[in-house]
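Written out below as structure tokens is the structure these notes cover.
4 protein chains.
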Amino acid sequence: MNQPIHRCGVQFGFDWPIRVYYEDTDAGGIVFYANYLKFFERARTEWLRACGVDQRGLAEQSGILFVVSETAVQYRAPARLDDLLVIASRIERLGKASVEFAQEARRGDVVLAAGTIRVGCVEHATLRPVALPSSVSDALRREPGLFQQGMSTTTA
Amino acid sequence: MNQPIHRCGVQFGFDWPIRVYYEDTDAGGIVFYANYLKFFERARTEWLRACGVDQRGLAEQSGILFVVSETAVQYRAPARLDDLLVIASRIERLGKASVEFAQEARRGDVVLAAGTIRVGCVEHATLRPVALPSSVSDALRREPGLFQQGMSTTTA
Amino acid sequence: MNQPIHRCGVQFGFDWPIRVYYEDTDAGGIVFYANYLKFFERARTEWLRACGVDQRGLAEQSGILFVVSETAVQYRAPARLDDLLVIASRIERLGKASVEFAQEARRGDVVLAAGTIRVGCVEHATLRPVALPSSVSDALRREPGLFQQGMSTTTA
Amino acid sequence: MNQPIHRCGVQFGFDWPIRVYYEDTDAGGIVFYANYLKFFERARTEWLRACGVDQRGLAEQSGILFVVSETAVQYRAPARLDDLLVIASRIERLGKASVEFAQEARRGDVVLAAGTIRVGCVEHATLRPVALPSSVSDALRREPGLFQQGMSTTTA
Chain A
613 MNQPIHRCGV
623 QFGFDWPIRV
633 YYEDTDAGGI
643 VFYANYLKFF
653 ERARTEWLRA
663 CGVDQRGLAE
673 QSGILFVVSE
683 TAVQYRAPAR
693 LDDLLVIASR
703 IERLGKASVE
713 FAQEARRGDV
723 VLAAGTIRVG
733 CVEHATLRPV
743 ALPSSVSDAL
753 RREPGLFQQG
763 MSTTTA
Chain B
613 MNQPIHRCGV
623 QFGFDWPIRV
633 YYEDTDAGGI
643 VFYANYLKFF
653 ERARTEWLRA
663 CGVDQRGLAE
673 QSGILFVVSE
683 TAVQYRAPAR
693 LDDLLVIASR
703 IERLGKASVE
713 FAQEARRGDV
723 VLAAGTIRVG
733 CVEHATLRPV
743 ALPSSVSDAL
753 RREPGLFQQG
763 MSTTTA
Chain C
613 MNQPIHRCGV
623 QFGFDWPIRV
633 YYEDTDAGGI
643 VFYANYLKFF
653 ERARTEWLRA
663 CGVDQRGLAE
673 QSGILFVVSE
683 TAVQYRAPAR
693 LDDLLVIASR
703 IERLGKASVE
713 FAQEARRGDV
723 VLAAGTIRVG
733 CVEHATLRPV
743 ALPSSVSDAL
753 RREPGLFQQG
763 MSTTTA
Chain D
613 MNQPIHRCGV
623 QFGFDWPIRV
633 YYEDTDAGGI
643 VFYANYLKFF
653 ERARTEWLRA
663 CGVDQRGLAE
673 QSGILFVVSE
683 TAVQYRAPAR
693 LDDLLVIASR
703 IERLGKASVE
713 FAQEARRGDV
723 VLAAGTIRVG
733 CVEHATLRPV
743 ALPSSVSDAL
753 RREPGLFQQG
763 MSTTTA
């Protein structure tokens, strides 16, 4: 299976490889821009999994979901069919009920797309914000990439 | 909002227009074949809606879902960006717990893709087959396109 | 076919209806956030079409594409299966080689998602920025919604 | 990166792992059926890549595309968020200008979806059928899984 392929240490905490298939491209011959949000989510999901966070278990047992509340993405250069990308991810801010990720899609040394994704923790039934389970926030705080950023833990 | 644009009478019971956007295409410059399944589903959904069947209500109040159990599609000619397609739909077989649709994607007189889609009625909690609610089967039986096909009502 | 369903005059120049289908939702029971970018693009495309801009013709005859260079979206409330949304669109800035749109997804009076989308005009072969064809910028300048915003025409 | 995780020898020639993400699911809580076509295509693509076939190179240098001309899929049991699936693939028939694949999506020993996918080789400019390049058909003929099936090479 996929494995995080390397760690950048100071800059980004987790790298995840993504191969570009036909399904990801559009008639312009390049990756359809909305699909970078899928790539970014796959990388966040695998990061959480690598940290021991079981999203489906959280949903089924605690009724807790992570939902994206804000995205901001810059598209700098196109990716094409068969390209092998790396999604580099870093936590920008760890709040009480949300996490903000900085993420980049790279091909070799070139950053093709870069963005910040804010994910909130909500109760499934009401979709209202709830505090991150301590199992999650503790797991994220243990990530080395986090502290090397001098990231501060803040509220909200 | 969209309206069914015409009825073919003898051949097909319900027509629904679909515009091709970038999101539907791939790097080959044509509509990605998996997306015809989306187009077909939009048309089935709108047909059910036109018949007075409220799928979300069925799910929330009766715990009943429609799930696709079988698809067979032939791709004959490509659709391209900005094409205006018509999805023509007909019921092939109305079973006790399933419905089989014949559907075509057309551009003008040209059939681009044609297929049959079998949809089963299941209980959401268990995903086990249950009989179609009579409100649904009665509504489908009232559809004129159905009987002009000499369609027989069968079991399963 | 779909028709713009109303115009808000002062606030938004173009409204486009979108129905939510299964394909748009995810296991959280709500519309998958990346799909709002598809909804927004459908609305922009239809606005351009309503203005007489033929994107496929531009691509085939002039080798000119519109590509999204930046997106920023806030997700405020979830949309669900069968919801009927309206995508309201307005031009924020008309540059020499780019257009910035403000767009909202609404259900009734509730804004579910709101964002700004920057679209650049590029040469297909090189994906390098080129000036908007005058046929496009003239058509957009004629849009009443534009000037009621006191929108200024700027460069870049 | 992903690696084929094992070979079934007699039954299937190539296995490829697929993780289920939110993007793959729908409001029914299960994988949206159209997405199995994407999973199947990823597995075929990786098989071709493992055989040394470079699809993008073929497109750019020889103007040759592979297009899906027919799909038939049975959906037997649902896949859910976070499931780890294996896509097992086998060549059913190797024609002069087309290849027919048998493919299954499995979770452990359970077959969730099974189908046959017919892929044609076409000239990009015209989308008309052309013979498979010998580099492709030779590579596929070398695959052991093929011959263990007693698969015969046929025309068309």
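Protein chains in written order, with the numbering used here: chain A, 613 to 768; chain B, 613 to 768; chain C, 613 to 768; chain D, 613 to 768. Using N, Cα and C, we set each Cβ at its ideal position, and we do this for glycine too. Please read these numbers as outputs of a predicted model, since none were measured by experiment.
8 Å Cβ cutoff, residue i in contact with chain B
i         : result
GLN686(D) : yes
THR657(D) : no
GLU635(A) : yes
LEU706(C) : no
GLU735(C) : no
LEU660(D) : no
ARG654(C) : yes
ALA726(D) : no
Beta carbon proximity, residue i to chain C, threshold 8 Å
i         : result
GLN667(B) : yes
ASP638(B) : no
LEU693(D) : yes
GLU682(B) : no
ARG719(B) : no
ILE690(A) : The question names Ile, but residue 690(A) is Pro in the sequence shown. So, interface residue.
LEU696(A) : no
LEU649(A) : yes
Other residues of its chain near residue i: CB distance less than 7 Å, five sequence neighbours each side excluded
i         : result
ASP694(A) : VAL632
SER749(A) : LEU706
TYR645(A) : TYR687
THR683(A) : LEU649, GLY727 and ILE729
Other residues of its chain near residue i: CB distance less than 6 Å, five sequence neighbours each side excluded
i         : result
HIS618(C) : For HIS618(C), the pLDDT reaches just 41, beneath the cut-off of 50, and the residue's location in the model is therefore unreliable, although a value from the coordinates is still provided. Around HIS618(C): ASP627.
ALA751(A) : CYS663, GLY664 and VAL665
ARG754(A) : none
THR765(A) : For THR765(A), the predicted structure reports a pLDDT of 47, less than 50, and the residue's modelled location is therefore unreliable. A value from the coordinates is still provided. Taken in chain order, the residues that qualify are LEU706.
ASN647(C) : ASP636
Burial state of residue i, where buried means 16 or more other Cβ atoms lie within 10 Å
i         : result
VAL643(A) : buried
GLY727(C) : buried
THR738(D) : exposed
LEU696(B) : exposed
VAL685(B) : buried
LEU746(D) : Reading the sequence as shown, one finds Ser at residue 746(D) and not Leu. Flag for SER746(D) reads exposed.
VAL722(B) : exposed
GLY720(A) : exposed
ALA717(C) : buried
ALA691(D) : buried
ALA743(C) : exposed
ALA639(A) : buried
Proximity test, Cβ basis, 8 Å: residue i and chain D
i         : result
MET739(B) : For clarity, residue 739(B) is Leu in the given sequence; the question names Met instead. Yes, LEU739(B) lies at the interface with chain D (some Cβ there is under 8 Å from its Cβ).
ARG730(A) : no
ARG702(A) : no
ALA709(B) : no
Contact with chain A by residue i, beta-carbon distance below 8 Å
i         : result
VAL643(C) : no
VAL679(C) : yes
ALA646(C) : yes
Neighbourhood of residue i by C-beta, 8 Å cutoff - its chain only, sequence neighbours within 5 removed
i         : result
ARG740(A) : VAL734
GLN715(D) : PHE652, ALA655, ARG656, ILE699, ALA700, SER701, ARG702, ALA726, GLY727, THR728 and ILE729
ILE630(D) : PHE651, ARG654, ALA655, LEU696, LEU697, VAL698, ILE699 and ALA717
Is it a yes or a no for the segment 665-685 of chain D touching the segment 655-666 of chain C, going by three-plus beta-carbon pairs under 8 Å? Counting Cβ pairs under 8 Å, fewer than three are found: no touch.
query = Is the segment 732-744 of chain B in contact with the segment 676-689 of chain B, if contact means three or more CB pairs nearer than 8 Å?
reply = The segment 732-744 of chain B, when compared against the segment 676-689 of chain B, does touch it at the 8 Å Cβ threshold.
- Task: Note down, one range per segment and in chain order, each beta strand (DSSP E) of at least 3 residues found wholly within the segment 657-687 of chain D.
- Result: The DSSP assignment places 676-687 as complete runs of the beta strand (DSSP E) inside the segment 657-687 of chain D, in order along the chain (cut-off: 3 residues).
Checklist entry - Mind pulling the beta strand (DSSP E) runs of 3 or more residues that sit fully within the segment 619-645 of chain B? => result Within the segment 619-645 of chain B, the complete beta strand (DSSP E) runs of at least 3 residues are 626-631.
Does the structure place the segment 698-711 of chain B close enough to the segment 647-662 of chain B that three or more beta carbon pairs sit under 8 Å? Touching, yes, given that three or more Cβ pairs across the two stretches are closer than 8 Å.
Problem - 3 or more residues per run - each beta strand (DSSP E) lying fully within the segment 697-724 of chain B - result: For the segment 697-724 of chain B, whole beta strand (DSSP E) runs of length 3 or above, ordered along the chain, are 710-719.
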